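*Asks:* In this note's numbering, the protein residues as written are 538 to 1008. The structure is given below, and queries will be raised subsequently.
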Ligand code: FAD
């Protein structure tokens, strides 16, 4: 078949193991990316990533013989127009779980059908099919462990990753799209200067990161993943996975021949990602509303000053501040610290989880609607299979346990670097001579805690009593 076709890239910005691309590789093809605005369109840090990922994909496609057409606007109109302009009756794309993307796809499909064409969606962002993996009673899952068992059964028979095409045939009369300088995705002024030291967006960067993690991180992942100071403790593949620069199935296969708890736990994390998207598919309200309706009545104490102190890493609790500053500087935060900072905001400060979710959305390079919403609801205790609300992390003890030598805090809160290990997680309790020797005055060089931890905990438990048992 030699009819031209359109490949519409979305969250699958790669050439290898891309079933949508594989479906069109023998035909004249127009590869397209539409930069869209709308509900939960990428936040500022994600836009930085997207810019570089599109440049990388564009170069890779040009190397195969056809440039990437990038444009900005309403895909529901643009995609059918482009298909008509090159005489394509098929548009291939990877399926998405985001509610707005699903609505957009349904409307695009209607518009295409009216013109005698169709949108064909392929499973490429997930390993499981949210419409097929079901409980014995035929319902969607709401508990992780049985979901992971049911989903993973299918993964042992996942077909091997599809190799990248060696060449592509460009469609005749392909239009010229935006040049990278016109994408409008990079921050102005450029506050993302440090990102480039940490990240290499694009498929080649993703594969290099995967190889280095398999070599240096996977075997020790069981211990390393809980040590925020350890740079290779976790894979740092999350933004690559979110933008689909590497397929999750490629991960699964890459760990196939390996043995050990590191591999098993790593696979469980990949299954949490599948689970979050399973939830998002079946509970599209998840980014905005608590999955446990009783939490709609939770007595939050919205306070702009508290929220700002948290966002800026100025709470006076070192592990929280270190995490929030890591997030701001490099667009990523270690998972253990994400849990601590989220718990502190929700429980000690009683700020709505949606405010934390929104800040993460704007500042994470791996901001992912399914993972972010499910994780915030998990910490808040209002999600599916969530941690109970009454389990409140003490951030000082968490710091002492997971950053015992204080290396993480010293890295991101350098003003505390001179403190001895025993006070690095509680400078407010250090005696005056210790503070003097470390060159720190609380309130001048580093804030006093914005909340008394014991009082904050009691206040959170009292607030929780208001909703307990209500659903
Ligand atoms: P690794 O430990 O190497 O894990 C490998 C992959 O598994 C990750 O890249 C990720 O895709 C997946 N994964 C790991 N942990 C989880 C998890 N708990 N839930 C779902 N998938 C997981 N992850 C995001 O990708 N985007 C988000 O927006 C996001 N927001 C979060 C918000 C909060 C409050 C919390 C507590 C967690 C959030 N996570 C999010 C989950 C997790 O923190 C990150 O996926 C992880 O830190 C990414 O680093 P990594 O790639 O080194 O992870």
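Note that CB positions come from ideal geometry on N, CA and C, so glycine has one too. On a predicted model such as this, the values are computed, not experimentally measured, just so you know.
From this set, 820, 766, 808 and 588, which residue's C-alpha is nearest residue 733's C-alpha?
*Replies:* Taking only the C-alpha atoms, the option nearest residue 733 is 588.
*Asks:* Taking 8 Å as the threshold (C-beta atoms), are residue 622 and residue 726 in contact?
*Replies:* Not closer than 8 Å, so no.
*Asks:* Along the chain, where does the alpha helix (DSSP H) containing residue 683 start, and where does it finish?
*Replies:* Counting along the chain, the alpha helix (DSSP H) containing residue 683 begins and ends at 681-692.
*Asks:* Mind checking residue 636: buried by the 16 CB within 10 Å criterion, or exposed?
*Replies:* The residue is buried, with at least 16 neighbouring Cβ atoms inside 10 Å.
*Asks:* Can you tell me whether residue 754 is buried or exposed? The criterion is at least 16 other CB atoms within 10 Å of its CB, across all chains shown.
*Replies:* Per the 10 Å Cβ criterion, buried.
*Asks:* Restricting to runs no shorter than 4 residues, where is the alpha helix (DSSP H) found entirely within the stretch 620-656?
*Replies:* The qualifying runs are 636-651.
*Asks:* Start and end of the alpha helix (DSSP H) containing residue 545?
*Replies:* From DSSP, residue 545 is part of no alpha helix (DSSP H) but of the beta strand (DSSP E) over 542-545.
*Asks:* My output table needs one value for residue 946: the three-state DSSP class, helix, strand or coil.
*Replies:* Residue state, collapsed to three classes: helix.
*Asks:* Report all residues from its chain with a CB closer than 7 Å to the CB of residue 944; omit the five preceding and five following residues, and keep chain order.
*Replies:* Answer for residue 944: 766, listed in chain order.
*Asks:* Going by the C-beta, is residue 926 closer than 7 Å to any heavy atom of the ligand FAD?
*Replies:* Flag unset: Cβ of residue 926 not near the ligand FAD.
*Asks:* Consider the C-beta atom of residue 771 and the heavy atoms of the ligand FAD; say whether any pair is separated by less than 7 Å.
*Replies:* Yes; taking the cut-off as 7 Å, the Cβ of residue 771 has a heavy atom of the ligand FAD nearer than that.
*Asks:* CB-CB under 7 Å to residue 887, same chain, minus the five flanking residues each way: which ones, in chain order?
*Replies:* These residues qualify, in order along the chain: 837, 838, 996, 997 and 1000.
*Asks:* With a threshold of 7 Å, establish whether the CB of residue 766 neighbours any heavy atom of the ligand FAD.
*Replies:* Not so, every heavy atom of the ligand FAD lies at least 7 Å from the Cβ.
*Asks:* If I measure Cβ to Cβ from residue 1016 and keep anything under 7 Å in the same chain, skipping five residues before and after, which residues do I get?
*Replies:* Because the chain in this structure spans residues 538 to 1008, residue 1016 falls outside the shown range and cannot be described.
*Asks:* Going by beta-carbon coordinates alone, are residue 806 and residue 688 separated by less than 8 Å?
*Replies:* Taking 8 Å as the Cβ cut-off, residue 806 and residue 688 do not qualify as a contacting pair.
*Asks:* Is it the case that the Cβ atoms of residue 984 and residue 878 are separated by a distance below 8 Å?
*Replies:* Not a contact, by the Cβ cut-off of 8 Å.
*Asks:* Would you kindly work out how many angstroms separate the C-alpha atoms of residue 868 and residue 723, rounded to a whole number?
*Replies:* When rounded, the distance between both Cα atoms is 14 Å.
*Asks:* Residue 815: buried (16+ other C-beta within 10 angstroms of its C-beta) or exposed?
*Replies:* Classification of residue 815: buried, given that the 10 Å Cβ count is 16 or more.
*Asks:* Determine the closest residue to residue 976 out of 695, 559, 671 and 953, with distance taken between C-alpha atoms.
*Replies:* Comparing Cα positions, the closest option is 953.
*Asks:* For residue 539, does the count of other Cβ atoms within 10 angstroms reach 16, so buried, or fall short, so exposed?
*Replies:* Exposed: under 16 other Cβ atoms inside 10 Å.
*Asks:* Is it true that the CB of residue 785 sits closer than 8 Å to the CB of residue 586?
*Replies:* No, the Cβ-Cβ distance between residue 586 and residue 785 is not below 8 Å.
*Asks:* In terms of alpha-carbon separation, which member of 757, 620 and 731 lies closest to residue 709?
*Replies:* Nearest option by C-alpha distance: 620.
*Asks:* Since I believe residue 900 is in contact with residue 949 (beta carbons under 8 Å), could you give me their beta-carbon distance rounded to a whole number of angstroms?
*Replies:* Their Cβ separation, rounded to whole angstroms, is 14 Å, which puts residue 949 and residue 900 out of contact at 8 Å.
*Asks:* Pick out the complete alpha helix (DSSP H) segments inside the stretch 725-771, 4 residues or longer, and give them in chain order.
*Replies:* Taking only runs of at least 4 residues, the alpha helix (DSSP H) segments lying wholly in the stretch 725-771 are 732-735, 740-753 and 758-761.
*Asks:* Which of helix, strand or coil does DSSP assign to residue 606?
*Replies:* It is a strand residue.
*Asks:* Does the Cβ of residue 871 lie closer than 7 Å to at least one heavy atom of the ligand FAD?
*Replies:* Within the cutoff, so yes.
*Asks:* Between the beta-carbon of residue 631 and the beta-carbon of residue 547, is there less than 8 Å?
*Replies:* For residue 631 and residue 547, yes; Cβs fall inside 8 Å.
*Asks:* Could you spell out where the alpha helix (DSSP H) holding residue 1004 opens and where it closes?
*Replies:* Unbroken run through residue 1004: none, as it is neither H nor E.
*Asks:* Can you tell me whether residue 884 is buried or exposed, with buried defined as 16 or more other CB within 10 angstroms of its CB?
*Replies:* Label assigned to residue 884: buried.
*Asks:* For the ligand FAD, is there a heavy atom less than 7 Å away from the beta-carbon of residue 857?
*Replies:* Checking every heavy atom of the ligand FAD against the Cβ of residue 857, none is found closer than 7 Å.
*Asks:* Go through its chain and collect everything with a Cβ distance to residue 915's Cβ below 7 Å, but skip five positions before and after it.
*Replies:* If we look at residue 915 and ignore the five residues flanking it on each side, its Cβ neighbours are 923 and 924.
*Asks:* Are residue 820 and residue 808 close, meaning C-beta to C-beta below 8 Å?
*Replies:* Contact flag unset, no.
*Asks:* Would you tell me roughly how many angstroms separate the C-alpha atoms of residue 845 and residue 578, rounded to the nearest one?
*Replies:* About 23 Å.
*Asks:* Determine, using beta carbons only, whether residue 692 and residue 664 come nearer to each other than 8 Å.
*Replies:* Going by C-beta atoms, residue 692 is nearer than 8 Å to residue 664.
*Asks:* What does the alpha-carbon distance come out to for the pair residue 1003 and residue 798?
*Replies:* In a straight line, the C-alpha of residue 1003 is about 41 Å away from that of residue 798.
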